[in-house]
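Asks: Okay, here's the structure, questions in a sec.
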Amino acid sequence: MNIIIKIMRTTILIIGILFICLTHHLKAQNFFNGTTFTINLGCNELDYDGIEFLNDKTYPLILNWTKLLDDTVSGSRFDMCANSECYIGVPDTGSNSSFPVLPNKIGFFKMHYWSGDSSGTSTMKIYVYEASFPNNGDTLTYFLNISCSINGTDEPTQEVNNVTIYPNPSKGVVNISFKEATNSSITLRNSLGQILLSDRYKLTNQIDLNLNAPIGIYFLQIEANGEIITKKILKE
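Read the sequence shown against the numbering used here and you will find it ends at 291, with the numbers running on by one and no gaps.
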């Protein structure tokens with residue numbers, strides 16, 4: 056009888072351990088409510104957005120990733136940010152160990168999207184997982200749909216949402232003109248996404264931006280009236 060009782064206790068203990076392991080195993084996956092993000096941009100534009108998740112664990116969450124697919128239209132690019140750590144491009148592997156997501160906080164895997172000057176769809180896929188459960192992660196997919204004009208080039212004078220940007224290409228000075236006096240901010244980035252200039256302006260309708268930088272391609276972001284405009288600027 057004692058042997059039978061011991062066997063039953065051992066069996067119950069094993070079942071309990073298996074249940075705990077299985078339950079934890081299941082909870083270790085599916086951090087993301089959605090695993091696909093799609094953005095539509097015009098030719099030569101820049102934007103930033105992506106996929107968020109909630110850490111419902113009781114401990115800081117570190118997620119690893121492995122790049123599965125990097126299929127981009129010529130001239131376009133993805134630059135990834137894993138929480139507060141951003142990269143040029145998307146590394147083949149990595150983790151958010153420098154910035155783990157605290158319990159009940161939001162984490163993210165977002166992208167800077169550079170559309171380039173060719174129409175088409177660029178795709179990025181990464182596999183994200185907790186190190187303890189490498190086979191129970193999520194595949195995140197990012198689609199960048201690019202629609203360019205017929206000739207695929209910018210006009211010397213561009214008017215977007217009551218903002219005129221000229222000349223483009225420029226030999227040194229770019230004029231930004233608003234139809235009325237506006238509070239605005241401008242940010243200038245180089246082709247690597249590095250910020251070269253960031254300024255705020257109060258109630259002005261004209262900004263003369265001096266491109267004190269080498270010849271090349273730059274991205275000008277203008278925020279005004281609750282809208283954000285990003286345009287490629289060519290310095291000759």
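Beta carbons are placed, not taken as given, at the ideal position from N, Cα and C, and that holds for glycine. Since the model is a prediction, treat every value here as computed from it, not as a measurement.
So L114 is in the beta strand (DSSP E); what residue range does that whole segment cover?
Replies: Along the sequence shown, read from residue 1 onward, the residue named residue 114 stands at position 59. In the sequence as displayed, the identity of residue 114 is Tyr instead of Leu. From DSSP, Y114 is part of no beta strand (DSSP E); its letter is neither H nor E.
Asks: Which term fits D193, buried or exposed, when burial requires 16 or more other beta carbons within 10 angstroms of its beta carbon?
Replies: Counting from 1 along the sequence shown, the entry for residue 193 is found at position 138. D193 comes out buried.
Asks: For L235, which residues in the same chain have their Cβ closer than 7 angstroms to its Cβ, ignoring the five residues on either side in sequence?
Replies: Within the sequence shown, residue 235 is the residue found at index 180, counting from 1. With the sequence shown as reference, residue 235 is identified as Glu, and Leu is not the correct amino acid for it. Counting only Cβ-Cβ distances below 7 angstroms, and skipping sequence neighbours, we find N260.
Asks: In its own chain, which residues sit with a C-beta less than 8 angstroms from the C-beta of V228, not counting the 5 before and 5 after it?
Replies: Counting from one through the sequence shown, the residue named residue 228 turns up at place 173. D263, L264, N265 and L266.
Asks: Return the chain-ordered list of same chain residues with a C-beta closer than 8 angstroms to the C-beta of T291, the five sequence neighbours on each side being excluded.
Replies: Translated into the one-based positions of the sequence shown, residue 291 becomes position 236. One point to set straight first is that residue 291 is Glu, not Thr, in the sequence displayed. P224, S225, K226 and I270, listed in sequence order.
Asks: So the beta strand (DSSP E) N245 belongs to, where does it begin and stop?
Replies: For the purposes of this step, residue 245 is identified with residue 190 of the sequence shown, where counting begins at 1. Note, N245: beta strand (DSSP E), V228 to N245.
Asks: Check the DSSP bridge columns for V183 and list the partner residues they point to.
Replies: In the sequence shown, residue 183 corresponds to position 128, counting from 1. According to DSSP, V183 bridges with W120 and D193.
Asks: Does DSSP put C98 in a helix, a strand or coil?
Replies: Your numbering for residue 98 matches position 43 in the sequence shown. It is coil, neither helix nor strand.
Asks: I need the DSSP call for N206, collapsed to helix, strand or coil.
Replies: Along the sequence shown, one-based indexing puts residue 206 at 151. Legend: pLDDT at N206 = 42, less than 50; position of this residue unreliable, value from coordinates given subsequently. Here N206 sits in coil by DSSP.
Asks: Opposite T178 in the DSSP bridges: which residues?
Replies: Position 123 of the sequence shown holds residue 178. Paired residues: D126 and F198.
Asks: Go ahead and pull the three-state DSSP assignment for G281.
Replies: Residue 281 sits at position 226 when you count from the first residue of the sequence shown. DSSP places G281 in coil when its eight states are reduced to three.
Asks: I'd like to know whether the C-beta atoms of A279 and S239 end up nearer to each other than 8 angstroms.
Replies: Along the sequence shown, one-based indexing puts residue 279 at 224. Along the sequence shown, one-based indexing puts residue 239 at 184. For A279 and S239, yes; Cβs fall inside 8 angstroms.
Asks: With DSSP run on the structure shown, which of helix, strand or coil describes K160?
Replies: Residue numbering aside, residue 160 sits at position 105 when the sequence shown is read from its first letter. Three-state DSSP puts K160 in coil, outside helix and strand.
Asks: Counting only the same chain and skipping the five closest in sequence on each side, list residues whose C-beta sits under 8 angstroms from that of L258.
Replies: As a first step, residue 258 is located in the sequence shown; it is residue number 203 there, counting from the start. A236, T237 and N238.
Asks: When you compare each of P146, N119 and D102 to N190 by their alpha carbons, which one comes out closest?
Replies: Reading the sequence shown from its first residue, position 135 is the one you call residue 190. Closest by alpha carbon: N119.
Asks: Using 8 angstroms as the cut-off, can you tell me whether the region 89-100 makes contact with the region 141-148, which would need three or more C-beta pairs spanning the two stretches below that distance?
Replies: Segments in contact, no.
Asks: Would you call the CB atoms of F198 and T127 closer than 8 angstroms?
Replies: Position 143 of the sequence shown, counted from the first residue, corresponds to residue 198. Position 72 of the sequence shown, counted from the first residue, corresponds to residue 127. Not in contact: F198 and T127 (Cβ atoms no closer than 8 angstroms).
Asks: Please go through the same chain and pick out, in chain order, the residues whose beta-carbon is closer than 8 angstroms to the beta-carbon of I250, but skip the five residues on each side of it.
Replies: For this step, residue 250 is matched to residue 195 along the sequence shown. Counting only Cβ-Cβ distances below 8 angstroms, and skipping sequence neighbours, we find T242, L243 and R244.
Asks: For C203, collect the residues of the same chain with a Cβ closer than 6 angstroms to its Cβ; drop the 5 residues on either side in sequence, then sort them by chain order.
Replies: Start at 1 with the first residue of the sequence shown, and residue 203 comes out as number 148. Closer than 6 angstroms at the Cβ level, and outside the excluded window around C203, lie C98 and S174.
Asks: Go ahead and pull the three-state DSSP assignment for G105.
Replies: Translated into positions along the sequence shown, residue 105 becomes position 50. Three-state result, G105: strand.
Asks: Can you tell me which of the three DSSP states A268 falls into?
Replies: One-based indexing of the sequence shown puts residue 268 at position 213. Here A268 sits in coil by DSSP.
Asks: Could you compute how far the alpha carbon of I161 sits from the alpha carbon of P115?
Replies: In the sequence shown, counting from the first residue as 1, residue 161 sits at position 106. In the sequence shown, counting from the first residue as 1, residue 115 sits at position 60. Distance between the alpha carbons of I161 and P115 is about 11 angstroms.
Asks: To the nearest angstrom, how far is it from the Cα of K112 to the Cα of I181?
Replies: Numbered from 1 along the sequence shown, position 57 holds the residue referred to as residue 112. Numbered from 1 along the sequence shown, position 126 holds the residue referred to as residue 181. Their Cα atoms are separated by approximately 22 angstroms.
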